[in-house]
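Numbering (full-length UniProt numbering), first residue to last: 1 to 598. Step one of this worksheet: look at the structure below.
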Ligand code: AMP
């Protein structure tokens, strides 16, 4: 078939003229990665030259890359905390950005147990939307005919708060879904969702999920792709179906809406979809009532071509479960983004998850790369390290991502470790290796070693009353259950065997650990129901010595051996599980309220 020259692109033949423009844009940006980066930095520095932050480092209006690199320190969130706090308290002067900070985006990364607050400016919404607009043109190169049906995407807003100075603080996706950019997006046949905006925007997660599921079932034949932001979110939807199919099929059979859906705007919009359809109800109930849920996704949505979910990084742990429920549908990881900045996209979205590489779009921010072997060395403000520019990273090497954004983050360490896998034109492509310092993660929660240690310390205080202490511990993110949950293996020293800790006391220890974990974890437990109750598995005494013996038998040095604080290697898990004497679960929810911002 001859390709219309207007629609040809180095990436492949575009599906429409609009797509061709998007693909052309990707080509332009990636061909000129270094000059685009130079322009972006100059733009950021010239508009923000008079900000307090840049003046403090005596940049004196320079927009030259080398001057910027020699004068501006490489920083972490904690270094910016005083400035962030002033903005949160209502200081509207140009501290970080000449453009007013429009709101704070609450990252799932935490500092001192609370979500980090990322400043953003109004125009960043345009940049985010621009990156979103590139996704379908790329996908259309690989999966034809997506304009012939719809996408069932489980999308949610989360709670928002205000800082003392009155700025909104909320997750980046909540901000995006509530923006006019999303709500009044123009019709695009390649990007039609089954979920009504009203359902996506409903703050009650049950009502939102219920409605999205219901609408998705009604349009089961039209659904060509199913997705959520992260893999854990899509599995939560499957679990929701397991728990609620009786009610859902009742509603479909009768054409009425469950009284649990009370939000008037949701009820109103569902009224247009709802009609009695006993045949559909029978079909769904028939599938859901089977014990075996293998391939349930394609049984209910038979025309699904792929699942659109991120399964790179911490989410890779969900791949086998997704494969099970979908009967092995392709998994598409389309983009790489954060609250600080949206970074880039996957130009080969149907590639296997283990081979996914993201191409950072050079127009999104100014990107630098800290060679990973140096990233553990404390960075001195006086002699900034040599960071590598986007266009000059080397294939095969690992780097930590450092960004300078339009919203006023300068040489900010994101904490992601990326490995260069190749280039598209002059723009590098990166494999997401891991996020630094994350030990345990189920959903968007990220628990590091220090947080786990503190939680164990706090919980083990409860054991003092029975003269017992925790000798050793390790942990494991158990994602076999939906939602997944943290498992902590404890080896105890019970000094008075007549008075060993009861199940109730160990349950309280589970809860004490949860109370100590950061607010993203507790929000996952309480508001999002994305994390299940924490479990302590008590192992026989001597188990951790066996663990060491095993590691040494596999070549670990006896002098340098350290107990791993998190395990996921099957033989080790098997060893631990074979030594379990009792297991205990958190009996209640920990405390969580949308954070009050001091
Ligand atoms: P947040 O700031 O809460 O939005 O989280 C952003 C972080 O999520 C990033 O810095 C990454 O660590 C992780 N992340 C985002 N997109 C991806 C992706 N496509 N693959 C792996 N990890 C990702």
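Ideal placement from N, C-alpha and C gives every residue a C-beta, glycine not left out.
Beta-carbon proximity of residue i to residue j, cut-off 7 Å
i: residue 281; j: residue 252; result: yes
i: residue 539; j: residue 489; result: yes
i: residue 358; j: residue 430; result: yes
i: residue 198; j: residue 269; result: yes
i: residue 182; j: residue 312; result: no
i: residue 569; j: residue 472; result: no
i: residue 362; j: residue 130; result: no
i: residue 353; j: residue 310; result: no
i: residue 150; j: residue 222; result: yes
i: residue 33; j: residue 427; result: yes
i: residue 175; j: residue 594; result: no
i: residue 442; j: residue 477; result: yes
i: residue 154; j: residue 271; result: no
i: residue 565; j: residue 491; result: no
i: residue 487; j: residue 468; result: no
i: residue 84; j: residue 99; result: no
i: residue 584; j: residue 507; result: yes
i: residue 291; j: residue 227; result: no
i: residue 116; j: residue 77; result: yes
i: residue 342; j: residue 128; result: yes
i: residue 413; j: residue 402; result: yes
i: residue 141; j: residue 7; result: no
i: residue 248; j: residue 214; result: yes
i: residue 146; j: residue 190; result: yes
i: residue 72; j: residue 411; result: yes
Proximal residues to residue i (C-beta, below 7 Å), its chain only, five neighbours per side dropped
i: residue 135; result: 334, 335, 345
i: residue 372; result: 398, 399, 400, 417
i: residue 90; result: 164, 165, 166
i: residue 118; result: 104, 105, 107, 339, 340
i: residue 324; result: 294
i: residue 113; result: 518, 519
i: residue 561; result: 548, 551, 552
i: residue 178; result: 157, 201
i: residue 44; result: 366, 404, 406
i: residue 265; result: 198
i: residue 393; result: 369, 399, 420, 428
Start-to-end residues for the beta strand (DSSP E) that takes in residue i
i: residue 528; result: Where residue 528 is concerned, there is no enclosing beta strand (DSSP E), given that its DSSP letter is neither H nor E.
i: residue 57; result: Where residue 57 is concerned, there is no enclosing beta strand (DSSP E), given that its DSSP letter is neither H nor E.
i: residue 429; result: 427-435
i: residue 230; result: 223-230
i: residue 403; result: 398-404
i: residue 465; result: Element bounds for residue 465: n/a, residue is neither H nor E.
i: residue 550; result: Careful: residue 550 lies outside any beta strand (DSSP E), inside the alpha helix (DSSP H) at 543-553.
i: residue 485; result: 485-494
i: residue 368; result: 366-371
i: residue 536; result: 535-539
Delimiting residues of the alpha helix (DSSP H) encompassing residue i
i: residue 577; result: 570-578
i: residue 475; result: Element bounds for residue 475: not the alpha helix (DSSP H) but the beta strand (DSSP E), 468-478.
i: residue 422; result: Here residue 422 belongs to no alpha helix (DSSP H); instead the beta strand (DSSP E) covers 412-424.
i: residue 287; result: 278-288
i: residue 270; result: 264-271
i: residue 355; result: Counting along the chain, residue 355 falls outside any alpha helix (DSSP H), and DSSP gives it neither H nor E.
i: residue 82; result: 77-88
i: residue 68; result: 65-71
i: residue 599; result: Limits of the chain in this structure are 1 at one end and 598 at the other, which puts residue 599 out of reach.
i: residue 515; result: 503-516
Same chain, Cβ closer than 6 Å to residue i, five either side skipped, listed in chain order
i: residue 516; result: 454, 455, 458
i: residue 216; result: 152, 194
i: residue 579; result: 539, 540, 543
i: residue 1; result: Caution applies to residue 1, whose pLDDT of 49 falls short of 50 and renders its modelled position unreliable; the value that the coordinates give is listed next. Closer than 6 Å at the Cβ level, and outside the excluded window around residue 1, lies no residue.
i: residue 598; result: Interpretation of residue 598 is limited by its pLDDT of 49, a score under 50 that renders its predicted location unreliable; the figure taken from the coordinates is listed afterwards. Cβ within range, chain order: n/a, list empty.
i: residue 330; result: 306, 350
i: residue 109; result: 116
i: residue 523; result: 592
beta-carbon residue i near the ligand NAD non-hydrogen atom, thresh 6 Å
i: residue 568; result: No copy of the ligand NAD appears in this structure; the ligands present are the ligand AMP.
Cβ-based neighbour list, residue i, same chain, cut-off 8 Å, excluding 5 preceding and 5 following
i: residue 37; result: 362, 366, 367, 389, 390, 391
i: residue 461; result: 512
i: residue 51; result: 94, 95, 96, 97, 98, 408
May I have all residues whose beta carbon comes closer than 5 Å to any heavy atom of the ligand AMP, sorted in chain order?
107, 108, 310, 312, 313, 336, 338, 339, 416, 432, 435
Note down, one range per segment and in chain order, each beta strand (DSSP E) of at least 3 residues found wholly within the segment 92-152.
The qualifying runs are 101-111, 114-121.
Complete beta strand (DSSP E) runs within the segment 158-220 (minimum length 3 residues, chain order):
168-170
Curious, which full-length beta strand (DSSP E) runs of at least 3 residues does the segment 280-348 contain?
DSSP runs (the beta strand (DSSP E)) wholly in the segment 280-348: 306-310, 335-337, 342-345.
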